[in-house]
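In what follows, a single structure is set out as structure tokens and then discussed.
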Ligand SMILES: [Zn+2]
């Protein structure tokens, strides 16, 4: 699709129009819009299921990115296929690096389009040391072929012994 020479505002305007009239919203617009809307939700809406990992942890969105989806488009463009919105540094805010707030607070660009695996790894702050290796939950899940959910479930139930946390499902870790 040729987007050259056309502002996203204009295009989104068209897309919104189509949407209003019950026609199919352009897929790419819909993807960047939902990435943006989901970001706003998890950082600002306490009832959002992911609030505790974002807004609840003090993760904010700079004024530039919060104010409009076009500003997100201006800094990183449309999401490539299969990629979703990610913070480059997991402990910093969603920031564009160029709005007034970013300037005042010395926030650099901290958003990118990334694949899910990378994001899962980033999100995974809980590290587990076992057999001399320290990895996050998702990484252990990948290495051992156990579901991350299984590992997390054991931790949530209060298990602290890595050999129990990382045991194969329904069996004891033997050797
Ligand atoms: Zn900004």
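In my numbering, the protein residues as written are 122 to 296. The C-beta atom is built at its ideal place from N, Cα and C for all residues, glycine as well.
Fully enclosed beta strand (DSSP E) runs of no fewer than 3 residues occupy 232 to 236, 248 to 251 and 254 to 257 of the stretch 226 to 290, in order along the chain.
Measuring C-alpha to C-alpha distances from residue 210 to each of 271, 189, 224 and 181 identifies 181 as the nearest. Excluding five sequence positions before and after residue 220, the CB atoms of its chain that fall closer than 6 Å to its own CB belong to 183, 184 and 185, given in chain order. Judged by beta-carbon spacing, residue 157 lies beyond the 8 Å limit of residue 197, meaning their Cβ atoms are not closer than that value. Relative to ligand 1, residue 190 has its C-beta separated by 7 Å or more from all heavy atoms.
Taking the Cβ of residue 229 as the reference point, every heavy atom of ligand 1 lies at 7 Å or farther away.
In the three-state reduction of the DSSP assignment, residue 207 falls in the strand class. Residue range 190 to 197 is occupied by the alpha helix (DSSP H) that includes residue 197. Taking the Cα of residue 188 as reference, the smallest distance to any Cα among 216, 172 and 174 is reached at 216. Residue 251 and residue 222 have their alpha carbons spaced roughly 43 Å apart.
One Cα belongs to residue 176, the other to residue 276, and the distance between them is close to 23 Å.
By the neighbour-count criterion, in which a residue is buried when 16 or more other Cβ atoms sit within 10 angstroms of its Cβ, residue 237 is exposed. With a contact defined as Cβ atoms closer than 8 Å, residue 247 and residue 257 qualify at about 7 Å. At the C-beta level, residue 232 and residue 208 come within 8 Å of one another. Looking at the DSSP output, residue 153 sits in no beta bridge, so it has no partner there.
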